[in-house]
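Its first residue numbered 1, the sequence shown is counted upward by one per residue in full-length UniProt numbering.
Using N, Cα and C, we set each Cβ at its ideal position, and we do this for glycine too.
Computed from a predicted model, the values in this text were never measured in an experiment.
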Amino acid sequence: MSSDTIPPPPSPIRLAILEADTPPRGTHARYNGYRGVFTHLFTRALTSPEQPFSSFLTITAYDVVNNLSDYPSLSEIDAILITGSKHSAFENDPWILSLTEFVKKAITEGDAANGGGKIKVIGVCFGHQIVGRALGQTVERNEKGWEVSVTRVGLTEAGKGIFKGREDLKIQQMHRDHVVGVPEAAQLLASTVVCENQGFIIPGKVLTVQGHPEFTTDIMEELLESRRAIGLFNEELFGSGMERNKADDGVFIAQAFYRFLLQD
Numbered sequence: 001m002s003s004d005t006i007p008p009p010p011s012p013i014r015l016a017i018l019e020a021d022t023p024p025r026g027t028h029a030r031y032n033g034y035r036g037v038f039t040h041l042f043t044r045a046l047t048s049p050e051q052p053f054s055s056f057l058t059i060t061a062y063d064v065v066n067n068l069s070d071y072p073s074l075s076e077i078d079a080i081l082i083t084g085s086k087h088s089a090f091e092n093d094p095w096i097l098s099l100t101e102f103v104k105k106a107i108t109e110g111d112a113a114n115g116g117g118k119i120k121v122i123g124v125c126f127g128h129q130i131v132g133r134a135l136g137q138t139v140e141r142n143e144k145g146w147e148v149s150v151t152r153v154g155l156t157e158a159g160k161g162i163f164k165g166r167e168d169l170k171i172q173q174m175h176r177d178h179v180v181g182v183p184e185a186a187q188l189l190a191s192t193v194v195c196e197n198q199g200f201i202i203p204g205k206v207l208t209v210q211g212h213p214e215f216t217t218d219i220m221e222e223l224l225e226s227r228r229a230i231g232l233f234n235e236e237l238f239g240s241g242m243e244r245n246k247a248d249d250g251v252f253i254a255q256a257f258y259r260f261l262l263q264d
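Structure representation (C-alpha cells):
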C-alpha cells in the first residue's frame, strides 16, 4: 500500500486493543499477544517507504480477561478494537459482563468523554459478538456448526460500499457462535450460508466482522492442528480447513478498518 492511498492523519489515531484471549503458544511466542498480531496486520496494511506505521496508529493493549479494571480512559483514546477469543460471548463470566458494559459505554458515552471526538468501535469475531450483545442482540451457538479457515463471504450493498465495490471477500474464520439479527440502526455487511451475520456497521461509530482478518496462514494452521489434537475438530473439518488455508483479504479488510477510523 502506498501512503497516497490512505494518507496518515494529522496525528496518529489512538487505538486500544481489548485482548479477550491469549493466542496459541506458537503465535503468542511470535507476536506477544493479540496486540502484536493486530500490529502485524495494520503494519502490512498501512506502512510504506514514505510513511512509518507510527504516523498512522498508536496502539495500546488491555488484558480484559484477567484484570476486570484493565480498561482505557475514553478521554485518552480514539477507538477500541475487541479481539477474538476461544470463549463464548453469551456467557456471564464477570469479565465478559464487564467487557460488554464497557463496549456499551464506549458506544453510548464515548463521544462526550472524548471531548466531542467520536470513539470508534471495531469488533472481530468474539469482539463482533460482544458488540452485538452490547447493542441488545442475541448471541448463541450456531446450530449449523463451525466455520473455519478461509471462507468466501458475500457482501451486501452496504458491504460493497465499505469494501470498495467488491462482491465478496475471502476471510479467515474460526467460530461456531453467531449474532442473531442486526442491531437497530446497523447495516448488515456480509453473509454466508452457515452464518447470516458476518458483520455490521453503524456509520461513524461501529464496524464489526465475524471473521479474522488478523490471522495468517501460520496462525490458522496452528489453530487447526491444536483443535484436532484435543478432539474438537474431526479429520474432515481439519482437512477442509487445511485445504482452504490459502491467500485471503485480511490486509484489504484492515485498510477498510482504517478508512472507518478516519470517518467523521
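Next item on the list: Determine the DSSP secondary structure at A20, reduced to helix, strand or coil.
Entry: A20: coil per DSSP, three-state reduction.
Next item on the list: Quick one: grab the DSSP three-state call for I119.
Entry: Coil at I119, not helix or strand.
Notebook entry, point to check: Could you give the distance in angstroms between the alpha-carbon of E91 and the alpha-carbon of A20?
Noted result: Distance between E91 and A20, taken at the CA atoms: about 13 Å.
Notebook entry, point to check: Apart from the five residues on each side of it in sequence, which residues of its chain come closer than 7 Å, Cβ to Cβ, to D249?
Noted result: Cβ within range, chain order: L169, K170 and I171.
Check: Under a three-way DSSP split, which group does G239 fall into?
Finding: DSSP places G239 in helix when its eight states are reduced to three.
Item checked: Cβ contact (3+ pairs, closer than 8 Å) linking the stretch 205-213 and the stretch 123-138 -> The stretch 205-213, when compared against the stretch 123-138, does touch it at the 8 Å Cβ threshold.
Checklist line | Residues near S85 in its chain [Cβ-Cβ closer than 7 Å; skip 5 each side] | finding: If we look at S85 and ignore the five residues flanking it on each side, its Cβ neighbours are A20, D21 and F126.
Checklist line | Residue closest to F38, alpha-carbon to alpha-carbon, out of L81, P10 and N67 | finding: Minimum Cα-Cα distance from F38 among the listed residues L81, P10 and N67 corresponds to L81.
Next item on the list: Please state if the CB of I17 and the CB of D78 are separated by a distance shorter than 8 Å.
Entry: The Cβ atoms of D78 and I17 do not sit closer than 8 Å to each other.
Check: What's the C-alpha gap between N245 and F53?
Finding: Near 27 Å, if we compare the C-alpha coordinates of F53 and N245.
Notebook entry, point to check: Does the count of Cβ pairs from the stretch 251-260 and the stretch 39-50 closer than 8 Å reach three?
Noted result: At 8 Å Cβ cutoff, the stretches touch.
Notebook entry, point to check: DSSP state of A190, grouped into three classes?
Noted result: Correct three-state label for A190: strand.
Item checked: Secondary structure, alpha helix (DSSP H): runs of 4+ residues fully inside the stretch 26-106 -> Within the stretch 26-106, the complete alpha helix (DSSP H) runs of at least 4 residues are 34-46.
Notebook entry, point to check: Just to confirm, are I202 and A185 a CB contact at a threshold of 8 Å?
Noted result: For I202 and A185, yes; Cβs fall inside 8 Å.
Next item on the list: Would you kindly work out how many angstroms separate the C-alpha atoms of N234 and V148, rounded to a whole number?
Entry: Roughly 12 Å separates the two Cα atoms.
Check: What residue range is occupied by the uninterrupted beta strand (DSSP E) comprising I162?
Finding: Per DSSP, I162 lies in no beta strand (DSSP E) segment; the continuous alpha helix (DSSP H) that holds it begins and ends at E157 to I162.
Next item on the list: Taking all protein chains shown into account, decide if N32 is buried (16 or more other Cβ within 10 angstroms of its Cβ) or exposed.
Entry: That one is exposed.
Notebook entry, point to check: Hey, A190 and T156 are a contact pair by Cβ (cut 8 Å); roughly how many whole angstroms apart?
Noted result: The beta-carbon distance between A190 and T156, rounded to whole angstroms, is 6 Å. This is short enough to meet the 8 Å contact definition.
Margin query: Within a Cβ cutoff of 7 Å, which residues of the same chain sit near T47, ignoring the five residues on either side of it in sequence?
Written below: Closer than 7 Å at Cβ, skipping near neighbours: F53.
Next item on the list: Quick one: grab the DSSP three-state call for E147.
Entry: Correct three-state label for E147: strand.
Margin query: If distances are taken between C-alpha atoms only, which option among Q198, A45, L74 and L97 comes closest to T108?
Written below: For the set Q198, A45, L74 and L97, the Cα lying nearest the Cα of T108 is the one of L74.
Notebook entry, point to check: DSSP three-state call for H175: helix, strand or coil?
Noted result: H175 sits in a strand when the DSSP states are folded into three classes.
Notebook entry, point to check: Using the C-alpha atoms, what's the distance from P8 back to L232?
Noted result: Between L232 and P8, the C-alpha separation is close to 43 Å.
Next item on the list: Sort E143, S11 and S69 by Cα distance to L57 and report the nearest one.
Entry: By alpha-carbon distance to L57, the top candidate from E143, S11 and S69 is S11.
Margin query: If I follow the unbroken beta strand (DSSP E) through L207, where does it start and stop?
Written below: Bounds of the beta strand (DSSP E) holding L207 are V206 to V209.
Margin query: By DSSP's criteria, D168 is part of a beta bridge. Which residues make up the other side?
Written below: Partner(s): G154.
Notebook entry, point to check: Rounded to a whole number of angstroms, what is the C-alpha to C-alpha distance between D63 and W95?
Noted result: Taking C-alpha positions only, D63 is separated from W95 by approximately 10 Å.
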